Amino acid sequence: MMASSSGSGEAATERRGIPGAQFVEDVQTYLAQAGLDANSALAFLQERLQQYKLVEMKLLAQQRDLQAKIPDIEKCLDIVATLQAKKGSGEALLADFEVSEGIYSRARIEDTDSVCLWLGANVMLEYSCEEATALLQKNLENAKASLEVLVADLQFLRDQVTITQVTIARVYNWDVHQKRIRQAGAPVKDS
Amino acid sequence: MQQGGGSETEVTWDDQQNINRFSKLNNRFHELEDEIRIAKETNDNLEDASNELILTDEEVVRFQIGEVFAHVPKDEVESRIEEMKEVTTKNLGKLEEEKDSVLAQMAELKKILYGKFGDSINLEED
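Protein chains in written order, with the numbering used here: chain Y, 1 to 191; chain A, 1001 to 1126.
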């Protein structure tokens, strides 16, 4: 059911798998074109709304993941930068780290040219400090770009939700209005 | 004539776009409130940290970098904290500005939408 008539500059009809909500110029025309009565139209729109909500939850979860990942990468960059800064000085870096919950131990990190990066999937690779910085920087930029796309997706989705909610209200109101007209019309006919 | 009930006010594409814009701004407003709260907390923490730093007489301070606490000389810690405070304050200023702009835009849209729809539309927080 793609957006048909009314070339009133409607928004994109779908975005990355999310169907666009058709904007309704006139409720009567919309129902006639779709061949639906008010109740069926409302049922269809409600179902659409539910689908949108599901997708929204999925996107929000993805957004939360990315928002947690970005500070992590920034912390890694910070550490690598600190190690690099220490390199010239000849003294080791002393650091207290968590061995287990609540238990810390002191580590002595000597001058080093390389660090190991956890790549996921039980894989850890050794990189020179410069390469590590470059890789982490690229990951950071990718994460930020993905987040931007995700936010745009969410905005598109929310627009479709709003359009659908407004359409539901209008169809419902139109239906109430029609019933009132019929009721007002009936007594007159009987007399 | 007919009693109220089903209102006959037409909703144009422009109106729909205004409603969408209002919804977007409202969401952004709530996000900003959260971000501002977090930025203020961070600022307070940095303030407390630099106060503690003044009181301590240790020469080497355990400063959190990433997941570990590195032993860093006091002066370096001081300058790091100053830097972090500057960044957070600037960020906070930007967020407050954006919040003001969002509120102003929402007020504008409220005027337009209430003007056209009156009681048929509700733009308040529940």
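All residues carry an ideal CB built from backbone N, CA and C; glycine is no exception. A quick note: this is a predicted structure, and the numbers were derived from the prediction, not measured.
Exercise. H1071(A) CB to nearest chain Y CB: under 8 Å?
Worked result: On the second sequence, position 71 is the one that residue 1071(A) refers to. Output row for H1071(A): interface = yes.
Exercise. Would you report the Cα separation of L1109(A) and V24(Y), rounded to the nearest angstrom?
Worked result: Mapped onto the second sequence, residue 1109(A) falls at position 109. Mapped onto the first sequence, residue 24(Y) falls at position 24. So the alpha carbons of these two residues sit roughly 21 Å apart.
Problem set entry | F23(Y): first and last residue of the uninterrupted beta strand (DSSP E) it sits in | Translated into positions along the first sequence, residue 23(Y) becomes position 23. Counting along the chain, F23(Y) falls outside any beta strand (DSSP E), and DSSP gives it neither H nor E.
For this session: Could you tell me the distance, in whole angstroms, from the CA atom of Q1016(A) to the CA atom of W174(Y)?
Result: Translated into the one-based positions of the second sequence, residue 1016(A) becomes position 16. Translated into the one-based positions of the first sequence, residue 174(Y) becomes position 174. In a straight line, the C-alpha of Q1016(A) is about 17 Å away from that of W174(Y).
Problem set entry | Where the beta strand (DSSP E) containing A1070(A) begins and where it ends | In the second sequence, counting from the first residue as 1, residue 1070(A) sits at position 70. Run containing A1070(A): V1068 to P1073, per the beta strand (DSSP E) assignment.
For this session: Determine, using beta carbons only, whether F156(Y) and R48(Y) come nearer to each other than 8 Å.
Result: As a working mapping, residue 156(Y) is identified with position 156 in the first sequence. As a working mapping, residue 48(Y) is identified with position 48 in the first sequence. Cβ distance not < 8 Å, so F156(Y) and R48(Y) don't count as in contact.
For this session: Measure the C-alpha to C-alpha separation of D37(Y) and L31(Y) and round it to an integer number of angstroms.
Result: Counting from 1 along the first sequence, the entry for residue 37(Y) is found at position 37. Counting from 1 along the first sequence, the entry for residue 31(Y) is found at position 31. Roughly 6 Å separates the two Cα atoms.
Problem set entry | Sequence-distant residues of its chain with Cβ nearer than 7 Å to I1112(A) (five each side left out) | For the purposes of this step, residue 1112(A) is identified with residue 112 of the second sequence, where counting begins at 1. Around I1112(A): N1018.
For this session: Express the C-alpha separation of L93(Y) and A121(Y) in angstroms, rounding to a whole number.
Result: One-based indexing of the first sequence puts residue 121(Y) at position 121. One-based indexing of the first sequence puts residue 93(Y) at position 93. Answer to the nearest angstrom: the Cα atoms are 29 Å apart.
Exercise. What residues in the stretch 1113-1126 of chain A bring their beta carbon closer than 7 Å to a beta carbon of chain Y?
Worked result: none
Exercise. Per DSSP, which one or two residues make a beta bridge with C116(Y)?
Worked result: If you number the first sequence from 1, residue 116(Y) lands on position 116. Beta-bridge pairing links C116(Y) to E126(Y).
Exercise. Between the Cα of L77(Y) and the Cα atoms of L135(Y), L42(Y) and M124(Y), which residue gives the shortest distance?
Worked result: Translated into positions along the first sequence, residue 77(Y) becomes position 77. Checked all of L135(Y), L42(Y) and M124(Y); the closest Cα to L77(Y) is L135(Y).
Exercise. Given K179(Y), which residues of its chain have a CB within under 8 Å of its CB, disregarding the five upstream and five downstream residues?
Worked result: The residue given as residue 179(Y) occupies position 179 in the first sequence. Cβ within range, chain order: n/a, list empty.
Exercise. How is A145(Y) classed by DSSP in three states: helix, strand or coil?
Worked result: Locating residue 145(Y) in the first sequence gives position 145, where the first residue counts as 1. In the structure shown, A145(Y) sits in a helix (DSSP, three-state: H, G or I).
Exercise. If you measure from the beta carbon of D65(Y) to each beta carbon in chain A, is any gap under 8 Å?
Worked result: Here residue 65(Y) is taken as the residue at index 65 of the first sequence, counted from 1. No, its Cβ sits nowhere closer than 8 Å to a Cβ of chain A.
Exercise. DSSP on V55(Y), reduced to helix/strand/coil?
Worked result: As a position in the first sequence, residue 55(Y) is number 55, starting the count at 1. If DSSP states are grouped into helix, strand and coil, V55(Y) belongs with the helices.
Exercise. Does N998(A) have its Cβ less than 8 Å from a Cβ in chain Y?
Worked result: Residue 998(A) falls outside the range modelled here, since chain A spans only 1001 to 1126, and no answer is possible.
For this session: Can you have a look at M1(Y) and say buried or exposed, based on whether 16 or more other CB atoms are within 10 angstroms of its CB?
Result: On the first sequence, position 1 is the one that residue 1(Y) refers to. Residue placement at M1(Y) is poorly supported in this model, since its pLDDT is 41, which falls under 50; the coordinates still yield a value, given next. The residue is exposed, with fewer than 16 neighbouring Cβ atoms inside 10 Å.
For this session: In angstroms with no decimal places, state the Cα-to-Cα distance between T82(Y) and S1101(A).
Result: Within the first sequence, residue 82(Y) is the residue found at index 82, counting from 1. Within the second sequence, residue 1101(A) is the residue found at index 101, counting from 1. About 39 Å.
For this session: Pick helix, strand or coil for E1059(A), following the three-state DSSP scheme.
Result: On the second sequence, position 59 is the one that residue 1059(A) refers to. Note: E1059(A) maps to coil in three-state DSSP.
For this session: Would you tell me roughly how many angstroms separate the C-alpha atoms of C129(Y) and K1099(A), rounded to the nearest one?
Result: For the purposes of this step, residue 129(Y) is identified with residue 129 of the first sequence, where counting begins at 1. For the purposes of this step, residue 1099(A) is identified with residue 99 of the second sequence, where counting begins at 1. Answer to the nearest angstrom: the Cα atoms are 40 Å apart.
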